[in-house]
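Visitor:
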Amino acid sequence: MKKLILGLLGLAIFSSASLTYAQKMIEIDGSSTVYPITEAVAEEFQKSDAEVKVTVGISGTGGGFKRFCLGETDISDASRPIEPTEVELASKNGIEFIELPVAYDGLAVVVNPKNDWVTSMTVSELKKLWEPAAQGKITRWNQIRPEWPDKEIRLFGAGTDSGTYEYFTEAVVQQKKASRGDYTASEDDNVLVQGIASDPLALGFFGVAYYEQNKDRLKLVSIDDENDVNGKGPQLPTYQNVLDGIYQPLARPLFIYVSKKSAEKPEVVKFIEFYMTQGAALSKEVGYIALPDQAYPLAWKRFEARKTGSLFHGVQTGVKIEDLLKKEA
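Position 9, counted from 1, in the sequence shown is what our numbering calls 0; the numbers after and before it change by one each time, with no gaps.
#1: Buried or exposed: which applies to Glu217, given that a residue is buried once 16 or more other Cβ atoms fall within 10 Å of its Cβ?
#2: Which word fits Lys223, buried or exposed, when buried means at least 16 other C-beta atoms lie within 10 angstroms of its C-beta?
#3: Starting from Val321, follow the beta strand (DSSP E) in both directions and report where the run begins and ends.
#4: Return the chain-ordered ranges of every beta strand (DSSP E) run that is complete within the region 166 to 235 and spans a minimum of 3 residues.
#5: Within the same chain, show all residues whose beta-carbon is closer than 7 Å to that of Glu321, passing over the 5 residues directly before and after it, in chain order.
#6: Lys251: which of Gln226, Ser274 and Thr299 sits nearest, CA to CA?
#7: Below 8 Å on the Cβ atoms is my contact criterion, and I expect Ile187 with Leu211 to pass it. Report the Cβ-Cβ distance as a whole number of Å.
#8: When you compare the CB positions of Ser177 and Gly154, do they come within less than 8 Å of one another, or not?
#9: Between Tyr201 and Ser115, what straight-line distance do the alpha-carbon atoms span, to the nearest angstrom?
#10: Following the continuous beta strand (DSSP E) through Ser67, name the residue where it begins and the one where it ends.
#11: Measuring from the CB of Trp121, is there a heavy atom of the ligand FAD at a distance below 7 Å?
#12: Given 8 Å as the limit, is there contact between the region 100 to 116 and the region 276 to 288, that is, 3 or more CB pairs closer than that?
#13: Distance check for Leu282 and Glu313, CA to CA, integer angstroms please.
#14: Could you tell me if Pro140 is buried or exposed, where buried requires 16 or more neighbouring beta carbons within 10 angstroms of its beta carbon?
#15: Rounded to a whole number of angstroms, what is the C-alpha to C-alpha distance between Ala271 and Ser189?
#16: Is Gly21 helix, strand or coil when you go by DSSP?
#17: Indicate whether Asn258 and Val43 have their beta-carbon atoms separated by less than 8 Å.
#18: Which class does Phe316 belong to by DSSP, given the choice of helix, strand or coil?
#19: Given that a residue counts as buried once 16 or more other Cβ atoms are within 10 Å of its Cβ, and exposed if not, what is Asn133?
Put into structure tokens, the structure is as follows:
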């Protein structure tokens, strides 16, 4: 009997400890583009607070929002602002959210290093290649430019659950979620990297950080927006070009969305504070463009005040994040 009582007591203590530990879990899912930043932040955060376990998934911006709006995650990574239908789903399930910008990204258009004919493309050429009408018709390189070889084009791009897909189609095709369907698609950018790196006839697009991590296996293509506002022609998604607004129209802000209910947890508060203070340096470390210095304290104030709703939905290219945050503050 004594052993039984001691055994039950031990089980109770173990169960209590397990429950306490389970309450110190932070679950994050969403954009594969934002993933490298959030994963880097999570790794560094856990070094300073070993009691908190942070899990980071990559189901895509749309997939992440589906889980987030059902209350399944604490934080959602997003490579675009939340959409009205997602806000409606969140509201239906009693989920309020705090929207925080974390970095800038330039969408990289890349080819295989063995491709020796493409150095730049115009937005019109990208549209001709990716619009729905191109499916089954624009299939060879010389159909884009006559001087390019009469060889097959093999396309790789973000899956339809990805915010990158939505942003790319809206920026290039001028219609969100409208593109040809005969390409290799994935919400996991590593799959796209592998495909392009192993195929000399490939072309694809994804967040610039994945190019930076694999630059010895890929070749970056300069993009010409054809408006020539800056008088500089084709541009690469470099740190300064994105920050200065020169790399258009494929530069965009990146976000995290925090459940207001989860924001009541001390460990989530600590994690967000760590993100807002260390995110700039870690964004640069993994190949992204940090926001201007003043943007992070303003975003932290937004979190501290628990300001819910989307500040950035519908914002057009060229609007500065720090200006929007200052206006709200």
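Glycine residues also receive a C-beta, built at the ideal position from the N, C-alpha and C atoms.
Guide: For this structure:
#1: Along the sequence shown, one-based indexing puts residue 217 at 226. Per the 10 Å Cβ criterion, exposed.
#2: Your numbering for residue 223 matches position 232 in the sequence shown. It counts as exposed.
#3: With the chain covering -8 to 320 only, the question about residue 321 has no answer from this structure.
#4: 175 to 177, 193 to 198 and 213 to 215
#5: The requested residue 321 is not part of the displayed model; the chain covers only -8 to 320.
#6: The residue you call residue 251 lines up with position 260 of the sequence shown. Residue Thr299 is the option with its Cα nearest to Lys251.
#7: As a working mapping, residue 187 is identified with position 196 in the sequence shown. As a working mapping, residue 211 is identified with position 220 in the sequence shown. Contact doesn't hold; Cβ gap of about 11 Å is too wide.
#8: Taking the first residue of the sequence shown as 1, we reach residue 177 at position 186. Taking the first residue of the sequence shown as 1, we reach residue 154 at position 163. No.
#9: Position 210 of the sequence shown, counted from the first residue, corresponds to residue 201. Position 124 of the sequence shown, counted from the first residue, corresponds to residue 115. If you take the alpha carbons of Tyr201 and Ser115, they lie about 24 Å apart.
#10: Against the sequence shown, residue 67 aligns to sequence position 76. Looking at the DSSP string, the run of the beta strand (DSSP E) that includes Ser67 is Ile66 to Ala69.
#11: Looking at this structure, you won't find the ligand FAD or any other ligand, since it has none at all.
#12: no
#13: The sequence position of residue 313 within the sequence shown is 322, counting from 1. The sequence position of residue 282 within the sequence shown is 291, counting from 1. For Glu313 and Leu282, the distance between alpha carbons rounds to 8 Å.
#14: The count along the sequence shown starts at 1 and reaches residue 140 at position 149. With fewer than 16 other Cβ atoms within 10 Å, it is exposed.
#15: Taking the sequence shown and counting its residues from 1, one reaches residue 271 at position 280. Taking the sequence shown and counting its residues from 1, one reaches residue 189 at position 198. Cα to Cα, the separation comes out at about 33 Å.
#16: To locate residue 21, count along the sequence shown from 1; it is residue 30. Three-state DSSP puts Gly21 in a strand.
#17: As a working note, residue 258 is residue 267 in the sequence shown. As a working note, residue 43 is residue 52 in the sequence shown. Here residue 258 turns out to be Glu, not Asn, going by the sequence shown. A contact, by the Cβ cut-off of 8 Å.
#18: Position 325 of the sequence shown, counted from the first residue, corresponds to residue 316. Per the sequence shown, residue 316 should be read as Leu rather than Phe. Leu316 falls in the helix class under three-state DSSP.
#19: Here residue 133 refers to the residue found at position 142 when the sequence shown is read from its first residue. Counting Cβ neighbours within 10 Å, Asn133 comes out exposed, since fewer than 16 surround it.
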